[in-house]
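A short write-up of the structure that comes next.
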Amino acid sequence: MRRVSTNQSSIDQRYYMNLQEWRMNQLQNKMSSQSRIKELRDDPLSAGHSTRYQSQITRMRRYSTNIERARGNLALMEGNIHSTVDILQRVRELSVQGANGIYNKQQLTYMAEEVNQLLNEMVKIANARSTEGTTLFSGFMTQIEPFRVHTAKVPGSKGEVISRLDYIGNIGLNMVEISERATMPYGIPGNYAFWAENQQIYSSTEALEYRVQQDSKIRLDGVDISLKEGDNVFAVISKINDSTAPLRARIDPVNNSLVLETTFAHQIWAEDIGGGSVLKDLGIISPGGERSNVPPLNFSDSAMVSGGSIFDMVIYLRDRFYAGDSEAAGGRALKGIDLAINSLTTTLAEVGARDNRLQVTMDKLSYELPEFIKRNSEEVDLDLSEAIMELKMLEYTHKAALGTAARILKPTLLDFLR
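What follows is the structure in structure tokens.
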């Protein structure tokens, strides 16, 4: 039973009017945000669905940004490699032309000068940077130029020219996340992209009696290979060949030493890791000094290394022109240029394949993203016309309540004491 006092009606009126004002305020806030869920308790089920949809939408937008950035870098890489192929085509024309045997030494020198200028442009392309200022062909070491230039005086040249290039980047593959639990590489290290021949390393250390001294690991082209204490050279070769590293090992039948050879054109990246010394002991990499742990310049001085870069092919042709050797220009030099063009064409195909995959993924995102946005909208968006009608109804009832309260609460105690 309620106790009715002189101000009980006033308290009740204020309570219900405050409640009505709160409802109007809640509805106005929802209209301002255009969302029917202001707090989770408004609709827990829809709020849960919306949270998942918004999380997915955020990730999909991140994937789209990643793909756009990766495609931008791939486009730059493709353009630079195309330019290099065009340069090599011109170099090949000069090689064929110079091999005719109808040009004197001075005319071959003119050809050498043109080849030298084309070489300089190729080096500039290999050290190219992206729009963000990072180098394109240096692996993870994106702040340094991947190819270090050495110059020297070559017989026949007027001054110092490029005599050798060293790759000083690494073989890290820049990865990009393009969808849920899916990543792909979009970078190509320079000692892959600009390599012409399969590289071979012939050790001069006799290996038939070799045994691994302790449990060790070696790393070849970024692949870790575990070796056990007591493994002989044939066990080492078997484990190398069974790994995913893109190279093969064998025994040189002449020197009974270890030979490593790549399965496609690139530079071998070899190192001992975990405190082991297997590759040092087998004469593949340098046994000590500052170079001993810095691939790819750590090959043993006693090992014979063959298989050069596209720059080596062009340098060889230029030097043959300077020397007036037209026969070599049409033989070994021409073969090297053809290998360089073939290698770059393969790299272009790989870049194109990656770009195609990114395009397919982007197309998939382009229709999935609007669908998730639509579903989220269905869960949380406010029906504005319905909200306006509800607000008008609340305003009408609020005015009616105010009018009623004004009539009921108008008499006071003083009105009865007159």
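Under our numbering, the first residue of the sequence shown is numbered 202, with each subsequent residue one higher.
Quick reminder that beta carbons are idealized off the backbone N, C-alpha and C, glycines included.
Note that this is a predicted model, so its numbers are computed, not measured.
| Every unbroken alpha helix (DSSP H) inside the segment 431-465 [4 residues or more] | Within the segment 431-465, the complete alpha helix (DSSP H) runs of at least 4 residues fall at 434-443.
| query | Using DSSP with H/G/I as helix, E/B as strand and the rest coil, what is E333? | reply | Note: E333 maps to coil in three-state DSSP.
| Under the rule that 16 or more other beta-carbon atoms within 10 Å means buried, what is W568, buried or exposed? | As written in the sequence, residue 568 is Tyr, which differs from the Trp given in the question. It counts as exposed.
| Could you give the C-beta distance for Q257 and F500, rounded to a whole number, given that I count them as a contact under 8 Å? | Actually they are not in contact, since the Cβ atoms of Q257 and F500 sit about 50 Å apart, beyond 8 Å.
| query | In angstroms, rounded to a whole number, what distance separates the CA positions of L545 and R291? | reply | Each residue's Cα considered, the two are about 15 Å apart.
| message | For a quick check, are the C-beta atoms of L540 and I282 less than 8 Å apart? | response | For L540 and I282, no; Cβs fall outside 8 Å.
| task | Just the C-alpha distance for I402 and D473, rounded to the nearest angstrom, thanks. | result | Their backbone Cα atoms lie some 16 Å apart in a straight line.
| When we look at the beta-carbon of P245 and count the other beta-carbons within 10 Å, is it buried (16 or more) or exposed? | Classification of P245: exposed, given that the 10 Å Cβ count is below 16.
| message | Spatial neighbours of L178 within its chain, please: C-beta separation below 7 Å, excluding the five flanking residues on both sides. | response | Here the chain comprises residues numbered 202 to 619, so residue 178 is not present and cannot be evaluated.
| message | If contacts are defined as beta-carbon pairs under 8 Å, then E378 and N267 qualify, I think. What distance do you get, rounded to the angstrom? | response | So it is a contact: roughly 6 Å between Cβ atoms.
| said: Please state whether the Cβ-Cβ distance between L566 and S265 is less than 8 Å. | reply: Cβ distance < 8 Å, so L566 and S265 count as in contact.
| said: For V479 and V413, what's the separation of their Cα atoms in angstroms? | reply: Near 7 Å, if we compare the C-alpha coordinates of V413 and V479.
| said: With distance defined between alpha-carbon atoms, name the residue in L421, A383, N219 and L428 nearest to L448. | reply: Of the listed residues, the one whose Cα sits closest to L448 is L421.
| query | Touching or not, the segment 384-401 and the segment 459-478, by the rule of three or more beta carbon pairs under 8 Å? | reply | Contact check between the segment 384-401 and the segment 459-478: three or more CB pairs, one atom from each, fall below 8 Å, which counts as touching.
| said: So, does the segment 429-436 touch the segment 405-412, judging by three or more C-beta pairs under 8 Å? | reply: Contact between the segment 429-436 and the segment 405-412 is present: three or more C-beta pairs spanning the two stretches fall below 8 Å.
| task | Output yes if chain D places a C-beta closer than 8 Å to the C-beta of S439; else output no. | result | Here chain D cannot be found, since the structure has a single protein chain.
| field | CB contact flag (S296, A446, <8 Å) | value | The Cβ-Cβ distance between S296 and A446 does not fall below 8 Å.
| task | Measure the C-alpha to C-alpha separation of V355 and I516 and round it to an integer number of angstroms. | result | Spanning the two alpha carbons is a distance of roughly 10 Å.
| request: State the Cα-Cα distance for the pair M312 and I426, rounded to the nearest angstrom. | output: Cα to Cα, M312 sits roughly 47 Å from I426.
| said: Closest to T343 by C-alpha separation, out of L374, G476 and R293, would be which residue? | reply: The shortest Cα separation from T343 among L374, G476 and R293 belongs to L374.
| message | Give me the DSSP bridge partner(s) of W396. | response | Beta-bridge pairing links W396 to S510.
| task | Quick one: residues in its chain with C-beta nearer than 6 Å to the C-beta of R293, no 5 flanking neighbours on either side, listed in chain order? | result | The answer, listed in chain order, is I538.
| Contact under 8 Å by Cβ, G477 with I419 | Going by C-beta atoms, G477 is nearer than 8 Å to I419.
| query | Can you round the beta-carbon distance between G423 and I372 to whole angstroms, since I take them to be within the 8 Å contact cut? | reply | The beta-carbon separation of G423 and I372, rounded to 5 Å, stays under the 8 Å limit for a contact.
| said: For P347, which residues in the same chain have their Cβ closer than 7 Å to its Cβ, ignoring the five residues on either side in sequence? | reply: A327, N328, T336, F338, S339, Y368, I369, G370 and G391, listed in sequence order.
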